[in-house]
Amino acid sequence: METEEPTPEGRSPRQEVSPVFDLVVCGGGLAGVCAALAASRLRLKTALIQDRPVLGGNSSSEIRVPLAGAANGNPWAREGGIIEELVLTERFNNFTSRRESQINDVWDLVLYDKCRQEENLSLYLNTSIRRVKKEKNRLISVFASQLGSERELEIKGDLFVDATGDGVVAYLAGAEYRMGREGKDEFDEKWAPDKPDMGIMGNSLLFAVRDVGKPVPFRPPSWAEKYPADSVALKTRFHNRLPGYWWIEVGFPYHTIFDNEKIREEIMRHVLGVWN
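Listed below in structure tokens is the structure:
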């Protein structure tokens, strides 16, 4: 039995400091995975930090947004390179239909296996970056908490890639950022608003239903949104050919990052209310 005597203040988490990597990629979505694979194959000592137990970001089995590059609308236009390598590997190993591919556990395993095969790549899963360290004006390390192992990590690097999706590392490092939509005059975008505003994408939750061959009563929880029968929300056409439905969206008046949990609660209420 392992024991550790506490101090009067309690116990501190286990602290670990990494060696200095040539490149630290923060975020294990497809952009981060491709960046980490490319760097490690160029013999850079690379770290890939992902705050979820699986890689793939939105395309992982957790969120299930399929890859939809240029080939989605034109069979003769298609992304090559590492992303094509990943897609072909998944198709060779996965016997689900094309529309169910690259969003399930086999896709998760393909991404994980590709990273594990690289001897120059160190993978940190379930690792959430909480703060950064700079010397003068240069980023030298990120501090992260790893769930499950209950470790506090300092991961050092010469260069960093922020592929977190929300720009977490850049934000913590003090980089300039902007949020919302720029006015049409700034970049000569005719479809942009006349003046800058805070219009941003909302958030959504994917859901799916199955035809079991007979009517099944649906009993929503008491906290689900209640829609009148003539609501415009109920006039949307559902497509049974899709592996899921994610066009129920909540954004305004919330902050899409800082109000993330509140938005998730709101979407859950509306998804169950619409289905009801």
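Just add 164 to wherever you are in the sequence shown, counting from 1, and you've got the working numbering. For each residue, glycine too, the CB sits at the ideal point set by N, CA and C.
Query	Result
Quick check: what's the CA-CA separation for residue 387 versus residue 240?	48 angstroms
How about residue 329 and residue 366: are their beta carbons less than 8 angstroms apart?	no
Please report how far the alpha carbon of residue 210 lies from the alpha carbon of residue 177, in whole angstroms.	25 angstroms
Is the beta carbon of residue 382 less than 8 angstroms from the beta carbon of residue 440?	yes
Could you spell out where the alpha helix (DSSP H) holding residue 211 opens and where it closes?	Taken as a continuous stretch (DSSP letters only), residue 211 belongs to no alpha helix (DSSP H), being part of the beta strand (DSSP E) at 210-213.
Three or more C-beta pairs closer than 8 angstroms, one from the stretch 257-270 and one from the stretch 218-234: is that the case here?	yes
Just to confirm before moving on: does the CB-CB distance between residue 336 and residue 380 stay below 8 angstroms?	no
Do you know offhand how far residue 194's Cα is from residue 212's?	12 angstroms
For residue 374, which of 170, 409, 270 has the nearest alpha-carbon?	409
Does residue 126 pass the burial test, meaning 16 or more other C-beta atoms within 10 Å, or should it be called exposed?	In this structure the chain extends from 165 to 440, so residue 126 is not present and cannot be described.
Between which residues of its own chain and residue 172 is the CB-CB distance below 7 angstroms, once the five residues before and five after are set aside?	none
What residue does the beta strand (DSSP E) around residue 253 start on, and which one ends it?	Looking at the DSSP string, residue 253 is not in any beta strand (DSSP E); the run it does join, the alpha helix (DSSP H), is 245-257.
What is the residue span of the beta strand (DSSP E) that residue 223 lies within?	From DSSP, residue 223 is part of no beta strand (DSSP E); its letter is neither H nor E.
According to DSSP, which residues form a beta bridge with residue 308?	293, 317
Taking buried to mean at least 16 other C-beta atoms within 10 Å of its own C-beta, is residue 305 buried or exposed?	buried
Could you give the DSSP three-state label for residue 456: helix, strand or coil?	Residue 456 lies beyond the range of the chain shown here (165 to 440); nothing can be said about it.
Count the CB pairs spanning the stretch 344-358 and the stretch 418-432 that are closer than 8 angstroms, and state whether there are at least three.	no
Just tell me which of 217, 181, 243 has its CA closest to the CA of residue 198.	243
Take every Cβ of the stretch 337-352, pair it with every Cβ of the stretch 252-261, and state whether three or more of those distances are shorter than 8 angstroms.	no
DSSP beta-bridge partners for residue 347?	None, per the DSSP bridge assignment.
Count the other CB atoms within 10 Å of the CB of residue 179; is the residue buried (16 or more) or exposed (fewer)?	exposed
Can you list, in chain order, the residues of its chain with a C-beta nearer than 6 angstroms to that of residue 312? Leave out the 5 residues immediately preceding and following it.	290
Roughly how many angstroms lie between the CA atoms of residue 216 and residue 427, to the nearest whole one?	19 angstroms
Taking the alpha-carbon positions, what's the residue 342 to residue 437 distance?	34 angstroms
Out of curiosity, what's the CA-to-CA distance linking residue 202 and residue 184?	18 angstroms
Check each candidate in 315, 324, 429 and name the one with the smallest Cα separation from residue 303.	324
Note the first and the last residue of the continuous beta strand (DSSP E) segment covering residue 186.	178-190
Shortest alpha-carbon distance to residue 282 belongs to which of 423, 219, 200?	200
Since residue 294 and residue 287 are thought to touch, with beta carbons under 8 angstroms apart, how far apart are those beta carbons, to the nearest angstrom?	So it is not a contact: roughly 19 angstroms between Cβ atoms.
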